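Shown next, in structure tokens, is the structure this report addresses.
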Amino acid sequence: MSSSFHASTVDWLGGWIAAGQVKPGQTIKVEADLGQQLGVSRTVIREAIKTLVAKGMLEVGPKVGTRVLPVRRWNLFDPQVVGWLSRSGLPENFVDDLLDLRRTIEPMAVRWACERATADQVQAIRLAYHALERAVDSGADYNRADQFFHECILAASHNQFIEQMVPALGALLAVSFEVSAADPDELRRTLPIHKDIAEAIAARDAARGVWACMTLIDNADLAIKRFYPNVMAGRTETVGQTGNRSFQ
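Numbered according to our numbering, the sequence shown terminates at residue 344, and the numbering increases by one at each position without gaps.
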């Protein structure tokens, strides 16, 4: 039960901070006040604060109290941090930086997958593509299928740093896919490009794979520029709904 309280408290506090309810440089409420508001003990609040300190969101000191740090100090490779930020609407420069990150990592991951993927990994990428194809036809969770397709490619790069970043990159990719998928024609338009990537990896054709990957990211960039304001407008309605809450 205590671990459940801890997880719920971390989630509430992280979402509350990411939603801008307290600004960088400001101090948050004392442990007793937060504990009373959330219906948990001071110990639970204290441990939750330690978790957010480890994620780079908070700083604790004898003179400054518990202070919120600027977003640039947060661990943006932590899937939970990315999730909290995405709940309340990501600033446009965050999405732009995310596309830059994709351009930096994904084409090289595709190239290395073409060169290094095992037969089992090639098959996994093919199966992930077919799942993506079925998701488009059935209206199922396309974004999750898309995320899994890209995660298979990242894993097939056989680069230990990229492999360790898969959970974080997966969360970041999910944000990118959610925004770009706001274009109702985006899914079917990019499906052939996904197929090109899968076939290029199977054929060990790095040039074709890298070109297809860059084309896919450029398509996402255009879709995001067209539909980002609408997506964020929908998110704005949910901001501030992390008000008083009890976990009892």
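Cβ atoms here follow ideal geometry from the backbone N, Cα and C, with glycine treated the same way.
Predicted model only: the values in this text are computed from it and were never measured.
Look at Val178 here: in three-state DSSP terms it is helix.
Unbroken beta strand (DSSP E) stretches of 3 residues or longer found wholly inside the region 162–248: none. Unbroken beta strand (DSSP E) runs of no fewer than 3 residues, entirely contained in the region 98–124, are not found. Ala319 and Glu282 have their C-alpha atoms some 7 Å from each other.
With a cutoff of 9 Å on beta-carbon distance, Leu148 and Gly110 are scored as near each other. Here the alpha carbons of Val262 and Asp129 stand approximately 38 Å from one another. About 7 Å separates the beta carbon of Ile313 from that of Glu202, a gap short enough to meet the 8 Å contact definition. In this structure, the straight-line span from the alpha carbon of Gln256 to that of Gly135 is close to 42 Å.
Looking at Phe323, Glu274 and Ile297, the one whose alpha-carbon comes closest to that of Ile249 is Ile297. In the DSSP annotation of this structure, Gly131 is not part of any beta strand (DSSP E); the continuous alpha helix (DSSP H) holding it starts and ends at Glu127 to Leu134. Short of 7 Å from the beta carbon of Ile145, and not among the five residues preceding or following it, lie these beta carbons of its own chain, in chain order: Leu154, Val156 and Thr162.
Note on geometry: alpha-carbon atoms of Val232 and Gln219 lie some 20 Å from one another. The bridge partners DSSP lists for Val156 are Thr162.
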